[in-house]
Ligand code: S3P
């Protein structure tokens, strides 16, 4: 049995484009798309913001790990939340599902993108830009270590990111 599955797993910081690129990939490849934030939110019956506020971040992280345990290795697009790499056991599970693709972008681009919507509980601080910078610094090595490859999305449209991912996957066989 092959050790790794057929899924394409998107990881990366908030604002890196995981959800939109995931939608493009799913459409192009005619594959099911599993957006973990959406699944957790509908399972618990609250928005991600409400889960963080009422149940706490740990409850959200536990829900992420639990959901990951339920995924199979089928061909699918798996869209993760930006903090999925914080637990080593999550990273190991993601790598078993299939190819892990890190979507990256420079700090300014990420901040500009996340500022369009105020839905991210971790950035509801007095200085969101500084918070973003610190989180990004701490997490960058985790994304790189978890991923098979990285695509810099800073100057690309979502379709172009999808193209770049498919080209890389084809080359790797
Ligand atoms: C988080 C990222 C969010 C969501 C939650 C926590 C994080 O997902 O899972 O707010 O820790 O970076 P996006 O990366 O889709 O914004």
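Residue numbers (my numbering): 1 to 173. Built from N, CA and C at the ideal position, the CB exists for glycine as well. Computed from a predicted structure; not experimentally measured.
Can you give me the Cβ contacts of residue i inside the same chain, cut-off strictly under 8 Å, excluding the 5 residues immediately before and after it?
i           : result
residue 53  : 121
residue 41  : 47, 48, 51
residue 61  : 83, 86, 87
residue 39  : 67
residue 3   : 96
residue 123 : 14, 114, 131, 132
residue 107 : 132, 133, 136
Is residue i helix, strand or coil by DSSP?
i           : result
residue 12  : strand
residue 87  : coil
residue 130 : helix
residue 56  : coil
residue 41  : helix
residue 46  : coil
residue 109 : helix
residue 72  : coil
residue 20  : helix
residue 124 : coil
residue 116 : coil
Would you list the residues sitting across from residue i in a DSSP beta bridge?
i           : result
residue 103 : 12, 151
residue 33  : 77
residue 98  : 7
Compute the minimum distance between the beta carbon of residue i and the heavy atoms of the ligand COA, and state whether it is under 7 Å.
i          : result
residue 14 : In the structure on display, the ligand COA does not appear, and the ligands it does have are the ligand S3P.
Can you name the start and end residues of the alpha helix (DSSP H) that residue i belongs to?
i           : result
residue 171 : 158-172
Considering only residues of the same chain and omitting the five flanking positions on each side of residue i, which have a CB-CB separation below 7 Å?
i           : result
residue 152 : 104, 105
residue 64  : 36, 40, 81, 84, 90
What does a CB cutoff of less than 6 Å around residue i pick up in its chain, not counting 5 residues either side in sequence?
i           : result
residue 5   : 73, 97, 98
residue 109 : 154
residue 148 : 99, 100
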